[in-house]
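Notes follow the structure.
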Amino acid sequence: MFAELDEPPLDPILGLAQLLAGDTSPDKVDLGIGIYHDDQGRAPVLDCVKAAERWLLETQPSKRYLSSSGNADYNAATRALLFGDGSDGFARSRTIQAPGGTGALRLASDLLRRLSPGGRIFIPGPTWPNHPAIFKATGHELVVYPYYDIETGKVRFDEMMATLGAMGAKDTLLLHGCCHNPTGADLDAAQWSAIADLVSKTGAAVMVDLAYLGLGDGLSEDAAGIRLLAERLPEFIVATSCSKNFALYRERVGALTVVGASETNAVRAHAHALPVARTLWSMPPDHGAAIVAHVLGDAELRRGWERELATMRDRINTMRNRLSARLAGHGDRDYGFIARQRGMFTMLGISPEGVETLRREHHVHLTSSGRVNVAGLNEGNVDRVADAIAAVGN
Ligand code: PLP
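All the letters of the sequence shown, read from the start, carry residue numbers 1 to 394 under UniProt numbering.
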């Protein structure tokens, strides 16, 4: 079985890590992998997480199985973060814990296949490369809708809506809740509203991927899109991740939240998701979710988390401003969009050759798509990176 196998293509992210490790320059800059780095270039464990881990170590009575749904406190805290404690969206939703945002998306994909067989999934172009891979793995047909204008850094909203007009009642629309990966270009309130109108007309389902909550403009600001959907649509689903906003990457903390027209409908949809999870991973990993549940349930730790999250967010937005301002000094392209976009990423239209030159000559490492992780910039490297990007051109 194995002897006949070809050499598979190197996973682009793993390939990037190898190139980075092989770069011996003291000036090397990692703008590739989607991880937040502080101003010293480190990706530390958050203080609130350390405190919760100490608490867990001292107090956890048992490691017995919980259930396929995972940690009930974590699930309730997730719904409260999404819709606000005691809100209508909170009441009409149920959450199932999953291994990371990836696990939540895979669960959603399997669930959609069962509930809406033959339906297509409409994904933005471009999107996180794992989206098409996950949905295809579950046998979905995909349609790419235009999303990003590389010249202006804006959403190609009219073209997007024209393509989405072809959605049918069995189809599903994938939206990024905030901090679009890889472009940083988000929908504004009027655009969310127009999408809600269109979806109501077509009867298509909506799946929101919210992997960067709190890293754009703030916790409630970044939830504005899904809160608008909760007011306007009877049903939708949300895949969340605590990989970035709690810096819990390797602990695999995510969730799938189903919103129904009524609480009864949400409970039923949740019940249909449970057997799917049972066949995928049976029970989700507990450690990270137990940490998040404790941090969000403890007033002091929660304040600490919100402070640490604000530090990450503010640093990202400061770096956006710095990159945009420095690039503005080179040539006549308007780079103001970098400062207006949100989240860790932007796309400037750097070609694969430009990416290669940045790596070889400037020790600046990007994914071959030209995605720039702004969270890898800091006071010590931002000007040099901007000058290198300008030198390479597009
Ligand atoms: N969705 C998007 C858009 C992402 O960028 C990521 C991670 O980079 C994820 C989901 C999944 O994150 P994880 O599975 O690590 O929680």
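Beta carbons: idealized from backbone N, C-alpha and C, even for Gly.
Would you say the beta carbon of residue i is closer than 8 Å to some non-hydrogen atom of the ligand PLP?
i	result
K244	yes
K145	Per the sequence shown, the amino acid found at residue 145 is Tyr instead of Lys. No, the beta carbon of Y145 sits no closer than 8 Å to any heavy atom of the ligand PLP.
S241	yes
Y74	no
Y335	no
H287	no
D212	The sequence given here has Tyr at residue 212, not Asp. For the ligand PLP, at least one heavy atom lies less than 8 Å from the Cβ of Y212.
F208	Checking the displayed sequence, the identity of residue 208 turns out to be Val instead of Phe. V208: no, Cβ never under 8 Å from the ligand PLP.
G393	no
T346	no
R303	no
G34	yes
R42	no
T138	no
H176	yes
H131	yes
At the level of alpha carbons, what is the spacing between residue i and residue j?
i	j	result
L174	G89	19 Å
A112	G34	The sequence shown places Leu at residue 112, not Ala. If you take the alpha carbons of L112 and G34, they lie about 27 Å apart.
N265	R106	21 Å
Y212	S25	31 Å
S369	K154	18 Å
P12	P129	10 Å
D47	G304	8 Å
T346	A185	8 Å
Taking only three categories from DSSP, how would you classify residue i?
i	result
S93	strand
D149	strand
L175	strand
G329	coil
P285	coil
R302	helix
Please classify residue i as buried or exposed, where buried requires at least 16 other C-beta atoms within 10 Å of its C-beta.
i	result
F236	buried
D332	exposed
H272	exposed
S69	buried
L14	exposed
S243	buried
D188	exposed
G86	exposed
R360	exposed
G393	exposed
F122	buried
F2	exposed
T183	buried
Between residue i and the ligand MG, is the CB less than 8 Å from at least one heavy atom?
i	result
E235	Looking at this structure, you won't find the ligand MG anywhere; what it does contain is the ligand PLP.
Completely contained beta strand (DSSP E) runs for the stretch 40–71, where each covers 3 or more residues: Listed in chain order, there is nothing to give.
Complete runs of the beta strand (DSSP E) confined to the stretch 158–210 [at least 3 residues]: For the stretch 158–210, whole beta strand (DSSP E) runs of length 3 or above, ordered along the chain, are 172–176, 205–210.
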